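Peer 1: 116 is the number of the first residue of the sequence shown in the working numbering; add one for each residue after it.
Note that CB positions come from ideal geometry on N, CA and C, so glycine has one too.
Only a predicted model underlies this, so the values are computations on that prediction, with no experimental measurement involved.
Got a structure here, written out as structure tokens. Questions coming.
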Amino acid sequence: MKSMTGYGRATNGPFTVEIQSVNHKFCEISVKTPGVILPMENKIREFVKARVNRGKLYVMLNYDRTLSAAGNTSVGNTRLNYDSARVTLEALQELGRNLGLKDDITLSSFMSFDRSIWRQEESIDLETLWIGLEACILEAINGVLSMRDTEGKKTKTEILERITLIKEHMVEVEKKAPTVSLEYAEALKKRLKTLLGKEKIMMDETRLAQEIALYADKCDITEEIVRTKSHLEQFLQIIDKPEPVGRPLDFLTQELNREINTIGSKANNLSIVRAVLQIKNELEKIREQIQNVE
Numbered sequence: 116m117k118s119m120t121g122y123g124r125a126t127n128g129p130f131t132v133e134i135q136s137v138n139h140k141f142c143e144i145s146v147k148t149p150g151v152i153l154p155m156e157n158k159i160r161e162f163v164k165a166r167v168n169r170g171k172l173y174v175m176l177n178y179d180r181t182l183s184a185a186g187n188t189s190v191g192n193t194r195l196n197y198d199s200a201r202v203t204l205e206a207l208q209e210l211g212r213n214l215g216l217k218d219d220i221t222l223s224s225f226m227s228f229d230r231s232i233w234r235q236e237e238s239i240d241l242e243t244l245w246i247g248l249e250a251c252i253l254e255a256i257n258g259v260l261s262m263r264d265t266e267g268k269k270t271k272t273e274i275l276e277r278i279t280l281i282k283e284h285m286v287e288v289e290k291k292a293p294t295v296s297l298e299y300a301e302a303l304k305k306r307l308k309t310l311l312g313k314e315k316i317m318m319d320e321t322r323l324a325q326e327i328a329l330y331a332d333k334c335d336i337t338e339e340i341v342r343t344k345s346h347l348e349q350f351l352q353i354i355d356k357p358e359p360v361g362r363p364l365d366f367l368t369q370e371l372n373r374e375i376n377t378i379g380s381k382a383n384n385l386s387i388v389r390a391v392l393q394i395k396n397e398l399e400k401i402r403e404q405i406q407n408v409e
């Protein structure tokens, strides 16, 4: 079991990467990067997404050009471009000959005509940059995953403790379930004897038995108890699986809550009602914890 909350930070040469992870229904990656790395934004997003299943992740990158060691990656350096200058000069000379113009090309006029001969914006070698950036992102995401794993283990321990409490309360429910109809029968007989005794009317035992049987059927919680125990066993099986378990556990928690509500509404017994309230309290805490489980 893994949590969806985590944080990781890493530095590698000119790169600094910070990744924050919070809970989310799906997997969503938000990347904030300087313009020079912008062409790699989708690659970064897919790289991170391949390592998580659920959660909202904020990836923040910083690139310090002064620390760059990726070969020819500096931006805005001034240098002479002799190849461009030579091509431009030959084109101008040919133009002058064809038009019969005087060859009066000076250095100043030549440079003002084509600035590309003396200034060139060097391109970023993205493939080389990616090698260092990938290692930096991987270190940061591993930090996130490590924290998510640690938090997930703590959450699992807490949830299992609550499941144990629920099972203990269910023992009380199962123990008291058979007495519900008996208690109702005794209470009904006592009340009828009191009422009929005043009027000196004989009790119809057959009618009384039918009434008790009808009530016993309405308040029978045997099926709900069986389903609840089954859901609890499924819960314990799923929580130990290595894959993401957040969604199936959330579903089972809802099913458990539904069965417990039915038990509470059908069983007119103080002990059962108290146990139901305790179980619902534990289920609510479990549901809150599962919202942050991957």
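1. Throw me the rounded Cβ distance for the His346 and Leu367 pair, which I believe falls under 8 Å.
2. Indicate whether the contact test is met: 3 or more Cβ pairs, each with one atom in the region 267-276 and one in the region 126-145, closer than 8 Å.
3. For Ile134, which three-state DSSP category applies?
4. Note down the Cα distance separating Leu210 from Val163, rounded to an integer number of angstroms.
5. Any idea what DSSP makes of Gly128, helix, strand or coil?
6. Among Gly128, Lys344, Leu385 and Ala390, which residue has its Cα nearest to the Cα of Glu370?
7. Go ahead and pull the three-state DSSP assignment for Glu143.
8. Taking three-plus beta-carbon pairs below 8 Å as touching, is the region 156-170 in contact with the region 279-293?
9. Distance, Cα to Cα, Ser189 vs Tyr178?
10. So if DSSP puts Asn177 in a beta bridge, which residue, or which two residues, is it bridged to?
11. In or out: Asn213 buried (at least 16 other Cβ within 10 Å) or exposed?
12. In terms of DSSP beta bridges, what is Ser118 paired with?
13. Check for me: the alpha helix (DSSP H) holding Ala255 runs from which residue to which?
14. Out of Gly123, Ile401, Ser296 and Glu409, which has the shortest C-alpha to C-alpha gap to Thr337?
15. Using 8 Å as the Cβ pair cut-off and three pairs as the minimum, do the region 351-359 and the region 248-265 touch?
16. Tell me the DSSP secondary structure of Leu210 in three-state form.
17. Count the CB pairs spanning the region 376-387 and the region 130-137 that are closer than 8 Å, and state whether there are at least three.
18. Please name the residue, chosen from Thr181, Lys271 and Ser386, that lies closest to Asn407 on a Cα-to-Cα basis.
Peer 2: Quick answer:
1. The Cβ separation is near 5 Å, so the contact holds.
2. No, because fewer than three Cβ pairs between the region 267-276 and the region 126-145 fall closer than 8 Å, the two stretches do not touch.
3. In the three-state reduction of the DSSP assignment, Ile134 falls in the strand class, which pools E and B.
4. Near 55 Å, if we compare the C-alpha coordinates of Val163 and Leu210.
5. Here Gly128 sits in coil by DSSP.
6. Ranked by how close their Cα comes to the Cα of Glu370, the residues Gly128, Lys344, Leu385 and Ala390 have Lys344 in first place.
7. Here Glu143 sits in strand by DSSP.
8. Flag = no, the region 156-170 and the region 279-293 do not touch.
9. The predicted position of Ser189 is uncertain, since its pLDDT is 40 and thus under 50; a value taken from the coordinates is nonetheless stated next. For Ser189 and Tyr178, the gap between their C-alpha atoms comes out near 12 Å.
10. Bridge partners of Asn177: Thr131.
11. Under a 10 Å Cβ-count criterion, Asn213 is classified as exposed, with fewer than 16 other Cβ atoms of the shown protein chains found around its own Cβ.
12. Per DSSP, Val408.
13. Here the alpha helix (DSSP H) through Ala255 covers Leu241 to Lys291.
14. Considering only alpha carbons, the answer is Ser296.
15. At 8 Å Cβ cutoff, the stretches do not touch.
16. Leu210 falls in the helix class under three-state DSSP.
17. Touching, no, given that fewer than three Cβ pairs across the two stretches are closer than 8 Å.
18. Closest in alpha carbon position to Asn407, among Thr181, Lys271 and Ser386, is Lys271.
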